[in-house]
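Chemist:
Numbering (this note's numbering), first residue to last: 22 to 98.
#1: What residue range does the alpha helix (DSSP H) around residue 94 cover?
#2: By a C-beta neighbour count over all protein chains shown, 10 Å radius and 16 as the cutoff for buried, is residue 23 buried or exposed?
#3: Look at the Cβ atom of residue 61, then the Cβ atom of residue 93, and state whether they are nearer than 8 Å.
#4: Using CA atoms only, rank isn't needed, just tell me which of 65, 59 and 74 is closest to residue 38.
#5: Using the beta-carbon count (16 or more within 10 Å), is residue 58 buried or exposed?
#6: Thinking C-alpha only, which one of 98, 77 and 91 is nearest residue 55?
In structure tokens form, the structure reads like this:
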């Protein structure tokens, strides 16, 4: 198994959406207008899908997206 894959999965598993996701997603859309409601559709247990959709839309890697989400979460919450 590729060690990088393990690190990426554990990073995703460690990140949790906390607080008001609707407010956080609204803020993300203001900063990243290319994000759509579909990209930001989050339901518990689908964090990996959310990160993947955002990464594709923004042209970022998973760790960059997680960084964006963490920063946004801290700012909004």
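Even for Gly, the Cβ is constructed at its ideal location relative to N, Cα and C.
Modeler: In brief:
#1: Membership of residue 94 in the alpha helix (DSSP H) is indicated by the continuous run 83-97.
#2: Confidence at residue 23 is low in this model, with a pLDDT of 44, below 50, so its placement is unreliable and no value can be given for it.
#3: Between residue 61 and residue 93, the C-beta gap is not smaller than 8 Å, which leaves the two residues out of contact.
#4: With distances taken between CA atoms, residue 38 lies nearest to 65 out of 65, 59 and 74.
#5: In the assembly as shown, residue 58 is an exposed residue. Its beta-carbon has fewer than 16 other beta-carbons within 10 Å.
#6: Minimum Cα distance to residue 55 is reached at 77.
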